[in-house]
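J.: Residues in the sequence shown are numbered consecutively from 149, following the working numbering. Let me begin by handing over the structure; questions about it come next.
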Amino acid sequence: ANLQALRLHYPDAPAAEVLRFATARKTPKDALKLYRNYLKWRSDEGAPARLQERAAPVQQQAPQFATLGGRTRRGDQVVLVEGARYSTQIDKQAYVAQMCVLMDQVLLKDSDRRIVVLVDTRGGSGPGW
């Protein structure tokens, strides 16, 4: 029912993208709301150029914070987050933007691939340890 509702309201949307939103919610109403909010976010704060701009401090000062790793047996991309490389000198929204940039690189709209996020929680001594 969720997928049918999304296809009805967004017939030109990529099938794999719509499927992700259809399976993320229990009711068609909730799936439609989630996708509508996503599209709104993508047209403003979540626009690729805007995310890239906001992620720049992380990319410049803490590039190893989150990196693309290998792939799982299914073929899904692994993202490694090294929490100890987090710097309080960088705005937390820059880290969020960097994660979105990485997801955009991996989760193509027409792909059914997923990502696996591994978070290394070992201690360290800042961005350059």
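We put the CB at the ideal spot given by N, CA and C, even for glycine.
Is the segment 210 to 226 in contact with the segment 253 to 264, if contact means three or more CB pairs nearer than 8 Å?
T.: Enough Cβ pairs lie closer than 8 Å, so yes.
J.: Please report the distance separating the alpha-carbon of Cys-248 from that of Leu-228.
T.: On the sequence shown, residue 248 is found 100 positions in, with the first residue counted as 1. On the sequence shown, residue 228 is found 80 positions in, with the first residue counted as 1. When rounded, the distance between both Cα atoms is 14 Å.
J.: Take Lys-181 as the anchor and find which of Tyr-158, Lys-257, Pro-211 and Gln-253 has the nearest alpha-carbon.
T.: As a working note, residue 181 is residue 33 in the sequence shown. Comparing Cα positions, the closest option is Tyr-158.
J.: What is the residue span of the beta strand (DSSP E) that Gln-225 lies within?
T.: Sequence index remark: in the sequence shown, residue 225 carries index 77 (1-based). 225 to 230 is the span of the beta strand (DSSP E), which, as asked, contains Gln-225.
J.: Give the single residue among Ala-204, Asn-185 and Gln-152 whose Cα lies nearest to the Cα of Thr-171.
T.: For the purposes of this step, residue 171 is taken as residue 23 along the sequence shown, with counting starting at 1. Comparing Cα-Cα distances from Thr-171 to each of Ala-204, Asn-185 and Gln-152, the minimum goes to Gln-152.
J.: What are the residues that DSSP puts in a beta bridge with Arg-219?
T.: In the sequence shown, residue 219 corresponds to position 71, counting from 1. Bridge partners of Arg-219: Gln-225.
J.: Tell me Asp-268's beta-bridge partners as DSSP assigns them.
T.: The count along the sequence shown starts at 1 and reaches residue 268 at position 120. Its beta-bridge partners are Glu-230.
J.: Distance, Cα to Cα, Ala-203 vs Glu-193?
T.: Taking the first residue of the sequence shown as 1, we reach residue 203 at position 55. Taking the first residue of the sequence shown as 1, we reach residue 193 at position 45. Distance between the alpha carbons of Ala-203 and Glu-193: 12 Å.
J.: Work out the CA separation of Lys-174 and Leu-167 for me, nearest whole Å.
T.: Here the question's residue 167 lines up with position 19 in the sequence shown. Here the question's residue 174 lines up with position 26 in the sequence shown. If I take the Cα positions, the gap works out to 13 Å.
J.: What residue range is occupied by the uninterrupted alpha helix (DSSP H) comprising Lys-240?
T.: Walking along the sequence shown from the start, residue 240 turns up at place 92. Start and end: 240 to 254.
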